[in-house]
Amino acid sequence: MIRLAILLAMLSQPLAAQTAELTAVIGPGDATNALVLRSTTDLAVLGPVIEAYAEARSETRVLYEQWGSNDLRAISEQECQSGQAGADLVISSAAHHMVGLVNEGCASTATSGWTQALAPQLSWRDQLWGVSREPAVVVYNRDLLTPAEVPRSRFDLLDLLRPETSRFAGRVATYDIEESGLGFLFAFIDSLEATTFGGLMEAFGRSGAIATCCSAEIIDGVASGRYLVAYNVLGSYAIQRARRDDRLGVVAPEDYTLILSRAAMIPAGAAAPELARDLLDYLLSPEGRAGLEANDLMIRLDEGDGQIVEVTGTVETMERPIGLDPTLLVAMDADKRELFIRRWRDAFPQPE
Amino acid sequence: MPDAGVRATLSLKTRVALAVGSVLVLGGAVVLIAALAYGQQAAREAYDRLLLGAAADIATAISIRDGDAIVDLPISAFELMSLAPDDRIRYRVVGPDGATLTGDPATPLPEDGDGGEVVFYDATFGPEPARYVALTRRFAERSFSGPVRVVIGHTLLARRDLARDIAQNALFVLGGAGAVMALFAWLVVSRALQPLPRIGEALAARDSTDLTPLSLAAPREVAGMLTSLNGFMARLDRQSVATGKLIADAAHQLRTPVAAIRAQAQLAAAENDPERRDHITARIQDRAVGLGRLLDQILSRAMIIHRADTQPATLLDLRDVAVEIVEATDDLFVEAGLEVMLELPGRAVPVTGDALSLAEAGKNLLTNALRHGKPPIRLGVTPGPQAALWVSDCGSGPAEDMTQGPTERFSSRGAAGGSGIGLAIAREVAEVHRGRITMKTGDAGFVVAIELPGRAA
Chain C
10 MIRLAILLAM LSQPLAAQTA ELTAVIGPGD ATNALVLRST TDLAVLGPVI EAYAEARSET
70 RVLYEQWGSN DLRAISEQEC QSGQAGADLV ISSAAHHMVG LVNEGCASTA TSGWTQALAP
130 QLSWRDQLWG VSREPAVVVY NRDLLTPAEV PRSRFDLLDL LRPETSRFAG RVATYDIEES
190 GLGFLFAFID SLEATTFGGL MEAFGRSGAI ATCCSAEIID GVASGRYLVA YNVLGSYAIQ
250 RARRDDRLGV VAPEDYTLIL SRAAMIPAGA AAPELARDLL DYLLSPEGRA GLEANDLMIR
310 LDEGDGQIVE VTGTVETMER PIGLDPTLLV AMDADKRELF IRRWRDAFPQ PE
Chain B
27 MPDAGVRATL SLKTRVALAV GSVLVLGGAV VLIAALAYGQ QAAREAYDRL LLGAAADIAT
87 AISIRDGDAI VDLPISAFEL MSLAPDDRIR YRVVGPDGAT LTGDPATPLP EDGDGGEVVF
147 YDATFGPEPA RYVALTRRFA ERSFSGPVRV VIGHTLLARR DLARDIAQNA LFVLGGAGAV
207 MALFAWLVVS RALQPLPRIG EALAARDSTD LTPLSLAAPR EVAGMLTSLN GFMARLDRQS
267 VATGKLIADA AHQLRTPVAA IRAQAQLAAA ENDPERRDHI TARIQDRAVG LGRLLDQILS
327 RAMIIHRADT QPATLLDLRD VAVEIVEATD DLFVEAGLEV MLELPGRAVP VTGDALSLAE
387 AGKNLLTNAL RHGKPPIRLG VTPGPQAALW VSDCGSGPAE DMTQGPTERF SSRGAAGGSG
447 IGLAIAREVA EVHRGRITMK TGDAGFVVAI ELPGRAA
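Line order of the protein sequences matches chains C and B. Taken in order, the first sequence gives residues 10 to 361; the numbers are from the working numbering. Taken in order, the second sequence gives residues 27 to 483; the numbers are from the working numbering.
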């Protein structure tokens, strides 16, 4: 029997520095084993996969905590320094945060057949593993854009924003990189990947593009027509919404598409590392992967018509997986971050 | 076939195998340590360069803006550091005032303060050991001046892996070389030891009375042993021949006197006339005394031949031998009412030999002179390359047929025991000492001498 309880914890603990956005208990209440899973993934998205896991392991109960990426990083670091891990498994979309934590020695080592089967760039030190596969996509409003207008690449987006009197001015949205760890990561990797990023930021700034928080909010805006186009939206959320909402179109940019892998680690000093390992193995196993795929967390880009993600380029050459390796530490550097954000702010004057 | 006297100890092959094995093991241990040290050194140098490259990358990315040093951390530095893929990385940039500009403030600084432009040092990263480099870049801008230090380090996993790899490869190569060396050693030793079983087989195949020298080709080391073996067999042969001679000699020489005594005894038993019987008894006694002397000489000769092969030659003064001869024969001369004139040089006459044998030979010559020569009798020693111990008398010497011919031992003159056997003893002693007997008959009389190769004093 599976019991799903959702508690809104945010309002009940207003004084705590970092708190989970949401907590849920998945699995039988009388289970002998208890596992704490902290994730930046929306419960609605990852929940079904965990439910399937709990169903397969009737003796395990999973306490699911949904966190914002910056808060999750802060509490993980704090707990690492104090030596008391509050979670058994941490999964975050802000891969650079996780690389930073592992680099600090906050993770414990685990190996199994499944972890070793991972692509080399999706595991680091046997302490950090990429469990999902999600492209950064462009979301647009099907009703408000003609097929010719749909931006297939960053160059198309630049072209749309170029005219002085562009109707896209002020109606393009992307993540606010200060509020969203994931947004920062995408922007940062963009800045390394191509020179288009400079032009894009300049165009965003000039046209008064909107930088705001959170995937759901951005996608809502596109659906409602407040934004015409959203840039660098995490594919999993976009696709889930697009399946239910005909107004939303999803494009994988053909110049290059960033592929994010949510990074999982077992904190050093976790109370139940064995259970965490078991859950990790489940997520990496074909069974778990099928579950992730069904919940749009394992997305394969395919050329051809009828796909939910529109792909116009050649998949092999456009995919840019974000590897879990020490180069992401650069994104964690205080000075670098400050410089980057300053550059960002110069382009995006805060619309006060 | 092993017998009770031969203890078969560890085989030579095993010994050589053990020796080569221990050399290889000891050498291997030394090489192992060297390989590990070398691997560590090589890995350290390789990754120190990587650290320095990353630090230099970061240092060049420092710029001065509005009087502040800004570090625009280059991704290339971390791509470089990623060449040690599993190592954790820690870095820190420190301004002139000691404040951390960016990076982890817990990153350790080198202990010796401002050690120089580049300082490598070992420290820790959390619980793990780590290696760091500190690179100093000096600024002399209007708004900012002083040294900025870039410190970057990482844990040692990649270094250890590389060191192990290098050491392992070195050991594989050296292990192979060791195996080849062992194989060659085995082949060489097997080949070197081949002559030994061959000699063994040659000896085993021999007839039990065959004491002739072995003639086999053998390496120099084994040839030495073979020569000794042949020498040993020759000695054995000589002794066995001598023993045979002694027995034949004794039988021959004793038969006649014993038969004579028996005949006299029969005569005495049949004689009724007391006077004649007394006469016969006196002759029996004479014969018996002569027989006793003969027996003495035969035994003395046997002793000399035996000593020749068993006694080691020592350095001695021939004059001492002459004095001893005179002392030993003193009572004989007193009995005969004669005196021996001793002629000795003032200096020592060194020869190598057996003093007892030489004295025995000299006694025989002197006794011969007493019995058969004419006084005055003289005994002397002459030094020189052929040192001589001589006896002279004024007689004409023995008959011609006695001084020549190879079978002196059968010559005996007279019932009292001949000078022949005494001479034969002297001759054998001379030969054993690689010398010879010379006899001269001149106006002054007869001189018999034992000439021996002399030695420088």
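No residue lacks a Cβ here, since even glycine has one placed at the ideal position from N, Cα and C. Keep in mind it's a predicted model, so treat the numbers as computed, not measured.
Take residue i and list the residues in its own chain whose beta-carbon comes closer than 6 angstroms to its own, dropping the five residues that flank it on each side.
i: B/LEU188; result: ALA69
i: B/VAL145; result: PRO136, ALA160
i: C/PHE197; result: ALA340
i: B/ALA268; result: ILE331
i: C/GLY297; result: TYR291
i: B/PHE436; result: Bear in mind that the predicted position of B/PHE436 carries a pLDDT of just 39, short of 50, making it too unreliable to give a figure here.
i: B/HIS459; result: GLY379, LEU478
Look at the alpha carbon of residue i and the alpha carbon of residue j, and state the distance between them as a whole number of angstroms.
i: B/GLY202; j: C/ASP305; result: 56 angstroms
i: B/ALA249; j: B/MET259; result: 15 angstroms
i: C/ILE11; j: B/TYR117; result: Here C/ILE11 scores only 41 on pLDDT, less than 50, and its place in the model should not be relied on; the value that follows carries that caveat. Taking the straight line joining both Cα atoms gives about 48 angstroms.
i: C/THR321; j: C/LEU257; result: 17 angstroms
i: C/LEU201; j: C/ASP342; result: 15 angstroms
i: B/GLU386; j: B/LEU237; result: 30 angstroms
i: C/GLY192; j: C/LEU52; result: 20 angstroms
i: C/ASP311; j: C/ALA303; result: 16 angstroms
i: C/GLY214; j: C/ASP334; result: 32 angstroms
i: B/ARG208; j: C/PRO129; result: It should be pointed out that residue 208 of chain B corresponds to Ala in this sequence rather than to Arg. One C-alpha to the other measures close to 44 angstroms.
i: C/ALA251; j: C/LEU55; result: 17 angstroms
i: B/LEU58; j: B/ARG185; result: 18 angstroms
i: B/ARG288; j: B/ARG327; result: 26 angstroms
i: C/ALA188; j: C/LYS345; result: What sits at residue 188 of chain C in the sequence shown is Glu, not Ala. If I take the Cα positions, the gap works out to 16 angstroms.
i: C/GLN389; j: C/GLY278; result: In the structure displayed, chain C extends from 10 to 361; residue 389 of chain C sits before or after that span and is not available.
i: B/TYR64; j: B/ALA193; result: 7 angstroms
i: B/SER37; j: B/LEU262; result: 29 angstroms
i: B/GLY399; j: B/GLN292; result: 35 angstroms
i: C/ARG47; j: C/LEU301; result: 17 angstroms
i: B/ALA441; j: B/ARG313; result: With a pLDDT of 37 at B/ALA441, under the threshold of 50, the predicted position of this residue should be treated as unreliable, and no value is reported.
i: C/ALA272; j: C/SER245; result: 15 angstroms
i: B/LEU242; j: B/LEU341; result: 35 angstroms
i: B/ALA470; j: B/LEU252; result: 52 angstroms
i: B/LEU336; j: B/VAL455; result: Inspection of the sequence shows that residue 336 of chain B is occupied by Thr rather than by Leu. About 13 angstroms.
i: C/ARG366; j: C/ALA261; result: It is not possible to answer for residue 366 of chain C, since the shown part of chain C is limited to 10 through 361.
i: C/ALA33; j: C/GLU74; result: 7 angstroms
Identify, in the order they occur along the chain, each residue of the same chain with its Cβ nearer than 7 angstroms to the Cβ of residue i, setting aside the five sequence neighbours on each side.
i: C/LEU20; result: Legend: pLDDT at C/LEU20 = 37, less than 50; position of this residue unreliable, value from coordinates given subsequently. If we look at C/LEU20 and ignore the five residues flanking it on each side, it has no Cβ neighbours.
i: B/LEU255; result: LEU240
i: B/THR464; result: ALA475, GLU477
Give me, in chain order, the residues of the same chain whose beta-carbon lies closer than 8 angstroms to that of residue i; leave out the 5 immediate sequence neighbours on both sides.
i: C/PHE177; result: LEU169, LEU170, SER216, LEU237, VAL238
i: B/LEU183; result: ALA110, ASP112, ASP113
i: B/GLY53; result: GLY204
i: B/LEU358; result: THR393, LEU396
i: B/LEU325; result: none
i: C/GLN136; result: VAL111, ALA116, SER117, THR118, ALA119, MET274, ILE275
(message) Measuring CB atoms only, is the segment 228-235 of chain C touching the segment 135-151 of chain C, in the sense that at least three cross pairs come out at less than 8 angstroms?
(response) yes
(message) Could you check whether the segment 79-92 of chain C touches the segment 104-111 of chain C, counting it as contact only if at least three pairs of C-beta atoms, one from each stretch, sit closer than 8 angstroms?
(response) yes
(message) Using 8 angstroms as the cut-off, can you tell me whether the segment 418-425 of chain B makes contact with the segment 293-303 of chain B, which would need three or more C-beta pairs spanning the two stretches below that distance?
(response) no
(request) Report the residue ranges of all alpha helix (DSSP H) runs contained in full by the segment 93-146 of chain B; include only those spanning at least 4 residues, in chain order. (result) 101-107
(request) Ignoring anything shorter than 4 residues or poking outside the segment 294-335 of chain C, list the alpha helix (DSSP H) runs there in chain order. (result) As for any alpha helix (DSSP H) of minimum length 4 sitting wholly inside the segment 294-335 of chain C, the runs are 295-303, 324-327, ordered along the chain.
(message) Please list, in chain order, the residues of the segment 322-339 of chain C that have any C-beta partner in chain B closer than 7 angstroms.
(response) ASP334, PRO335, THR336, LEU338, VAL339
(request) Examine the Cβ distances between the segment 171-181 of chain B and the segment 63-80 of chain B and report whether three or more of them are shorter than 8 angstroms. (result) yes
(message) Using a Cβ-Cβ cutoff of 8 angstroms, what residues of the segment 92-124 of chain C are near chain B? List them in chain order.
(response) VAL111, ASN112, GLU113, GLY114
(request) Counting only runs of 3+ residues fully inside the segment 198-222 of chain C, write out the beta strand (DSSP E) ranges in chain order. (result) 219-221
(message) Suppose only complete runs of 4+ residues qualify. What are the alpha helix (DSSP H) ranges in the segment 35-93 of chain B, listed by chain order?
(response) Counting whole runs of 4 or more residues, the segment 35-93 of chain B contains the alpha helix (DSSP H) stretches 38-86.
(message) Runs of 3 residues minimum, wholly inside the segment 251-301 of chain C: which ones carry the beta strand (DSSP E) assignment?
(response) 257-261, 266-269, 272-274
(request) Scan the segment 122-153 of chain C for residues whose Cβ lies nearer than 7 angstroms to a Cβ of chain B and list them as they occur along the chain. (result) Within the segment 122-153 of chain C, contact with chain B at the beta-carbon level (separation under 7 angstroms) is assigned to ARG134.
(message) If the cut-off is 9 angstroms on Cβ atoms, which residues from the segment 252-286 of chain C count as contacting chain B, listed in chain order?
(response) none
(message) For the segment 103-117 of chain B, list every residue whose C-beta sits within 9 angstroms of some C-beta in chain C, in sequence order.
(response) ALA103, PHE104, GLU105, MET107, SER108, ALA110, PRO111, ASP112, ASP113, ARG114, ILE115, ARG116, TYR117
(message) Between the segment 402-416 of chain B and the segment 362-380 of chain B, can you find at least three pairs of beta-carbon atoms closer than 8 angstroms?
(response) yes
(message) I want to know whether the segment 92-103 of chain B touches the segment 217-232 of chain B - three or more CB-CB distances under 8 angstroms.
(response) no
(message) What are the residues in the segment 139-158 of chain B lying within 9 angstroms of chain C by C-beta distance?
(response) PHE151, GLY152, PRO153, GLU154
(message) Runs of 4 residues minimum, wholly inside the segment 335-413 of chain B: which ones carry the alpha helix (DSSP H) assignment?
(response) Complete alpha helix (DSSP H) runs here, min 4: 344-354, 356-362, 381-398.
(message) Residues of the segment 87-99 of chain B in Cβ contact with chain C at a cutoff of 8 angstroms, in chain order, please.
(response) ILE96, VAL97, ASP98, LEU99
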